[in-house]
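Colleague: One structure is given below, represented as structure tokens, and several questions about it will come after.
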Amino acid sequence: MYIDTEGGNKVKKKLLVVSAVLTGLLLTACGGNDKKETTKSEAGTIAASQKIEISSPAPLSTLDTTQTMDKNTFTIVQHLFEGLYRFDDDSTPIPGLAEKVDISEDGLTYKFTLKEGINWSNGEPITAQDFLYSWKKLVTPATIGPNAYLLDNVKNSKAIRNGEKSVDEIGLSAPSDKEFEVTLEQAQPSFLTVASIGWLAPQNQAYVEKQGKQYATDSEHLIYSGPFILTDWDASSDTWTLKKNPEYYDADKVKLEEVKVNTIKEENTGINLYQSNELDLVRISGQYVQQYSDDAGYVTHSDVANYYLDFNKKDGTAPDNLHLRKAIAQAIDKDALTKSVLNDGSKPLNGLIPSGLYKNPETSEDFRKFSGDHSVYDVKKAQVEWEKAKADLGDKIKLSLLVSDDDNGKKISEYVQSQLQENLKGIEITINAQPKNNVLQTRKDKNYELSLSGWIAGSSDLDSYFNLYAGESAYNYGSYQNTDYDKLITDARTTNANVPDKQFDDYKEAEEILLDQDAAQVPLYQSASNYLINPKIKGISYHLYGDYFNLRTAYVED
Numbered sequence: 000m001y002i003d004t005e006g007g008n009k010v011k012k013k014l015l016v017v018s019a020v021l022t023g024l025l026l027t028a029c030g031g032n033d034k035k036e037t038t039k040s041e042a043g044t045i046a047a048s049q050k051i052e053i054s055s056p057a058p059l060s061t062l063d064t065t066q067t068m069d070k071n072t073f074t075i076v077q078h079l080f081e082g083l084y085r086f087d088d089d090s091t092p093i094p095g096l097a098e099k100v101d102i103s104e105d106g107l108t109y110k111f112t113l114k115e116g117i118n119w120s121n122g123e124p125i126t127a128q129d130f131l132y133s134w135k136k137l138v139t140p141a142t143i144g145p146n147a148y149l150l151d152n153v154k155n156s157k158a159i160r161n162g163e164k165s166v167d168e169i170g171l172s173a174p175s176d177k178e179f180e181v182t183l184e185q186a187q188p189s190f191l192t193v194a195s196i197g198w199l200a201p202q203n204q205a206y207v208e209k210q211g212k213q214y215a216t217d218s219e220h221l222i223y224s225g226p227f228i229l230t231d232w233d234a235s236s237d238t239w240t241l242k243k244n245p246e247y248y249d250a251d252k253v254k255l256e257e258v259k260v261n262t263i264k265e266e267n268t269g270i271n272l273y274q275s276n277e278l279d280l281v282r283i284s285g286q287y288v289q290q291y292s293d294d295a296g297y298v299t300h301s302d303v304a305n306y307y308l309d310f311n312k313k314d315g316t317a318p319d320n321l322h323l324r325k326a327i328a329q330a331i332d333k334d335a336l337t338k339s340v341l342n343d344g345s346k347p348l349n350g351l352i353p354s355g356l357y358k359n360p361e362t363s364e365d366f367r368k369f370s371g372d373h374s375v376y377d378v379k380k381a382q383v384e385w386e387k388a389k390a391d392l393g394d395k396i397k398l399s400l401l402v403s404d405d406d407n408g409k410k411i412s413e414y415v416q417s418q419l420q421e422n423l424k425g426i427e428i429t430i431n432a433q434p435k436n437n438v439l440q441t442r443k444d445k446n447y448e449l450s451l452s453g454w455i456a457g458s459s460d461l462d463s464y465f466n467l468y469a470g471e472s473a474y475n476y477g478s479y480q481n482t483d484y485d486k487l488i489t490d491a492r493t494t495n496a497n498v499p500d501k502q503f504d505d506y507k508e509a510e511e512i513l514l515d516q517d518a519a520q521v522p523l524y525q526s527a528s529n530y531l532i533n534p535k536i537k538g539i540s541y542h543l544y545g546d547y548f549n550l551r552t553a554y555v556e557d
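Using numbering that gives the first Met the number 0, you'd call the opening residue of the sequence shown number 0 and step up by one each time.
Here it is, written out as structure tokens:
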């Protein structure tokens with residue numbers, strides 16, 4: 000997300016060269032796949048029936064692409080809405096609705112040319128004006144989306160979302176129905192990655208305005224630009240169906256005719272349905288990973304993700320106490336969490352940035368290794384901080400821990416509860432379990448003390464993680480404020496954006512402030528995704544960004 004510029008990579012004008020540069024950049028961020036699904040090149044005989052049924056761990060949130068936030072919903076969004084670019088199997092951006100892009104020699108101007116014959120699912124042409132409308136909608140204060148900061152590098156966009164300039168001054172234009180132009184403040188090699196995710200998909204202004212408040216509230220008030228359309232969904236649905244979009248420009252590559260999706264929170268339920276051939280794809284974790292790792296349908300791969308404990312630092316509350324936060328940050332044994340509780344391929348994480356997100360393009364050193372370890376487990380130091388905290392808070396305090404009500408949320412929260420109550424005598428943790436979408440809203444409402452949450456890479460940008468705690472960030476639910484931190488991450492993405500060593504130094508110092516000095520977050524682990532998938536389903540893609548899996552070219556083998 001946001002800005003991911005690098006020194007020494009001169010952005011070329013020709014798309015082929017740019018794609019090659021981006022391929023190298025993105026592949027450095029790929030997590031190691033222990034076992035991958037059969038690729039599309041290994042095609043067998045395609046079955047007569049191309050209908051499957053899969054599970055989702057949570058219902059969908061909003062399908063207004065300018066407002067979507069969680070990756071579970073983004074997984075569906077990536078099937079329904081295609082933008083200028085999309086990802087290939089290696090998470091490299093390739094043309095989607097765009098036929099090509101010409102990038103200026105200085106890397107500041109992107110001129111996209113749209114494909115011929117691209118239509119919305121209702122048959123109307125998709126035009127450059129549809130991108131102009133949705134991108135402006137994302138940053139306009141009256142309609143602003145939580146990911147508006149992703150366009151901060153577009154000329155004047157940040158000033159617009161802050162209410163300082165008119166949206167008409169944004170560095171975007173649509174000279175014709177087939178031409179869409181973007182002017183950036185500075186070169187951004189990751190820009191096509193950002194443009195490949197659903198938050199920058201087009202929206203048809205006439206259609207959106209005709210639907211009014213009903214837009215995106217159910218499947219009947221949406222039109223689609225991607226390989227599938229949605230049916231049988233509204234905001235309260237636990238089930239919905241994807242169907243092949245006959246208007247999609249590449250429809251002949253889409254083999255699946257129907258994908259039924261069921262929300263299943265209990266993994267054991269999903270596994271039982273998989274074993275009885277009622278489900279073709281289910282996500283698994285913990286003990287089930289070990290139990291089913293030899294199953295013919297078992298698939299696993301590493302996530303570029305940070306699962307963490309967050310504090311609501313509201314003035315006058317217990318989590319506002321620095322010593323309490325430092326005590327908690329050092330009182331949780333992450334090794335035991337990943338090995339004994341999760342046991343699913345997850346790894347302990349002692350930093351804001353997970354391994355494999357981004358390497359210095361000049362030294363090839365991964366940022367996680369460069370920045371070192373923070374928030375390291377140390378009970379003695381934790382107890383020293385707790386003694387200091389008690390001087391202000393008293394000998395006993397009760398804290399509420401907000402978590403999702405799924406299997407993982409239950410296991411992790413009970414472990415954290417046990418660790419804190421055992422290692423910091425006098426602290427009592429109560430668990431507040433809510434449905435995933437409710438957890439997100441509760442965090443947005445700042446109605447929590449402690450919460451378990453996760454952030455998974457939207458692109459290879461380091462700033463997408465650091466932005467979580469920027470003073471003005473829409474994701475800064477815990478109200479963290481530190482001007483030194485804000486200056487460092489601003490310098491990293493602007494002044495030093497094209498000087499990798501200085502950029503890395505800025506981000507390292509910012510990480511030290513955030514985690515060591517202020518203990519604003521407690522990184523816990525870097526997750527892994529594990530699935531049981533019908534072995535007859537081939538051609539699934541597992542992108543590093545945007546979605547958990549993608550069925551665009553998946554098919555059922557006979």
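Just so you know, even glycine gets a beta-carbon here, dropped at the ideal spot from N, CA and C. All figures in this text were calculated on a predicted structure; none of them were measured in a lab.
I need the DSSP call for residue 197, collapsed to helix, strand or coil.
Modeller: Correct three-state label for residue 197: helix.
Colleague: For residue 276, I'd like the list of residues in its chain whose CB is within less than 7 Å of its CB, leaving aside the five on either flank, ordered along the chain.
Modeller: Correct list: empty, nothing qualifies.
Colleague: Rounded to a whole number of angstroms, what is the C-alpha to C-alpha distance between residue 46 and residue 555?
Modeller: Approximately 6 Å between the Cα atoms of the pair.
Colleague: In chain order, which beta strand (DSSP E) runs of at least 3 residues are fully inside the region 277-307?
Modeller: Entirely contained in the region 277-307, the beta strand (DSSP E) runs reaching 3 residues are, in chain order, 280-283 and 297-301.
Colleague: The alpha helix (DSSP H) with residue 85 in it runs from where to where?
Modeller: Taken as a continuous stretch (DSSP letters only), residue 85 belongs to no alpha helix (DSSP H), being part of the beta strand (DSSP E) at 84-86.
Colleague: For residue 259, which residues in the same chain have their Cβ closer than 6 Å to its Cβ, ignoring the five residues on either side in sequence?
Modeller: For residue 259, where only same-chain residues beyond five positions count, the Cβ hits under 6 Å are 52 and 240.
Colleague: Output needed for residue 35: all residues of its chain with C-beta closer than 6 Å, excluding positions within five of it in sequence on either side, in chain order.
Modeller: Caution applies to residue 35, whose pLDDT of 36 falls short of 50 and renders its modelled position unreliable; the value that the coordinates give is listed next. Nothing meets the Cβ criterion.
Colleague: I believe residue 530 touches residue 281 by the beta-carbon criterion, under 8 Å. Please report the beta-carbon distance rounded to the nearest angstrom.
Modeller: With a Cβ gap of about 7 Å, residue 530 and residue 281 count as contacting.
Colleague: Looking at the structure shown, is residue 510 part of a helix, part of a strand, or coil, going by DSSP?
Modeller: Here residue 510 sits in helix by DSSP.
Colleague: What residue range is occupied by the uninterrupted alpha helix (DSSP H) comprising residue 412?
Modeller: Looking at the DSSP string, the run of the alpha helix (DSSP H) that includes residue 412 is 406-422.
Colleague: Please state whether the Cβ-Cβ distance between residue 528 and residue 365 is less than 7 Å.
Modeller: For residue 528 and residue 365, no; Cβs fall outside 7 Å.
Colleague: Looking at residue 536: is its Cβ nearer than 7 Å to the Cβ of residue 279?
Modeller: Cβ atoms of residue 536 and residue 279: closer than 7 Å.
Colleague: Assess contact between the region 347-359 and the region 393-409, defined as three or more Cβ pairs (one per stretch) separated by less than 8 Å. Is contact present?
Modeller: No contact exists between the region 347-359 and the region 393-409.
Colleague: DSSP three-state call for residue 80: helix, strand or coil?
Modeller: In this structure, residue 80 counts as coil in the three-state DSSP scheme.
Colleague: May I have the straight-line CA-CA distance separating residue 188 from residue 401, to the nearest angstrom?
Modeller: Cα-Cα distance, rounded: 37 Å.
Colleague: Use the C-beta contact count for residue 435: other C-beta atoms within 10 angstroms, 16 or more gives buried, fewer gives exposed.
Modeller: With 16 or more Cβ atoms within 10 Å of its Cβ, residue 435 is classed as buried.
Colleague: Per DSSP, which one or two residues make a beta bridge with residue 108?
Modeller: The partner list for residue 108 (beta bridge, DSSP) reads 182.
Colleague: Using the rule of at least 16 other Cβ atoms within 10 Å of the residue's Cβ for burial, across every protein chain shown, is residue 520 buried or exposed?
Modeller: Buried.
Colleague: Using the rule of at least 16 other Cβ atoms within 10 Å of the residue's Cβ for burial, across every protein chain shown, is residue 26 buried or exposed?
Modeller: With a pLDDT of 30 at residue 26, under the threshold of 50, the modelled position of that residue is not reliable, and no figure is offered here.
Colleague: Counting pairs of Cβ atoms below 8 Å between the region 131-148 and the region 209-224, do you hit three or more?
Modeller: Segments in contact, no.
Colleague: Here's a check: name, in chain order, each residue in its chain whose Cβ is nearer than 8 Å to the Cβ of residue 417, leaving out the five neighbours to either side.
Modeller: Correct list: empty, nothing qualifies.
Colleague: With distance defined between alpha-carbon atoms, name the residue in 312, 534 and 495 nearest to residue 553.
Modeller: Nearest option by C-alpha distance: 534.
Colleague: Select from 458, 81, 499 and 109 the residue whose C-alpha is nearest the C-alpha of residue 153.
Modeller: Checked all of 458, 81, 499 and 109; the closest Cα to residue 153 is 109.
Colleague: Would you check if there are 3 or more beta carbon pairs closer than 8 Å linking the region 213-229 to the region 73-87?
Modeller: With a cut-off of 8 Å, the region 73-87 and the region 213-229 count as touching, because enough Cβ pairs lie within range.
Colleague: Is it buried or exposed for residue 195, if we count other Cβ within 10 angstroms and need 16 for buried?
Modeller: So residue 195 ends up on the buried side.
Colleague: Residues in its own chain within less than 7 Å of residue 513 by CB, not counting five upstream and five downstream?
Modeller: For residue 513, where only same-chain residues beyond five positions count, the Cβ hits under 7 Å are 351, 468, 484, 519 and 520.
Colleague: Could you round the C-beta distance between residue 343 and residue 288 to whole angstroms and report it? I think they count as a contact, below 8 Å.
Modeller: Right, their Cβ atoms sit about 4 Å apart.
Colleague: What residue range does the alpha helix (DSSP H) around residue 59 cover?
Modeller: Counting along the chain, residue 59 falls outside any alpha helix (DSSP H), and DSSP gives it neither H nor E.
Colleague: Quick one, are the C-beta atoms of residue 522 and residue 311 less than 7 Å apart?
Modeller: No; because the gap between Cβ atoms is not below 7 Å, this pair is not in contact.
Colleague: If the criterion is Cβ atoms closer than 7 Å, does the pair residue 359 and residue 499 meet it?
Modeller: Yes, they are a contact pair.
Colleague: Kindly confirm or deny that the region 363-380 and the region 433-451 touch, where touching means at least three C-beta pairs closer than 8 Å.
Modeller: Counting Cβ pairs under 8 Å, fewer than three are found: no touch.
Colleague: Would you decide whether residue 508 is buried or exposed? Buried here means 16 or more other CB atoms lie within 10 Å of its CB.
Modeller: Classification of residue 508: buried, given that the 10 Å Cβ count is 16 or more.
Colleague: What residue range is occupied by the uninterrupted beta strand (DSSP E) comprising residue 399?
Modeller: First-last of the beta strand (DSSP E) with residue 399: 396-403.
Colleague: Let's test the definition: count the other Cβ atoms within 10 Å of the Cβ of residue 424 and tell me whether it reaches 16, buried, or not, exposed.
Modeller: Result: exposed.
Colleague: If you check the beta carbons only, do residue 376 and residue 309 fall under 7 Å apart?
Modeller: No. Outside cutoff.
Colleague: Going by the DSSP bridge assignment, what does residue 497 pair with across the sheet?
Modeller: DSSP lists no partner for residue 497.
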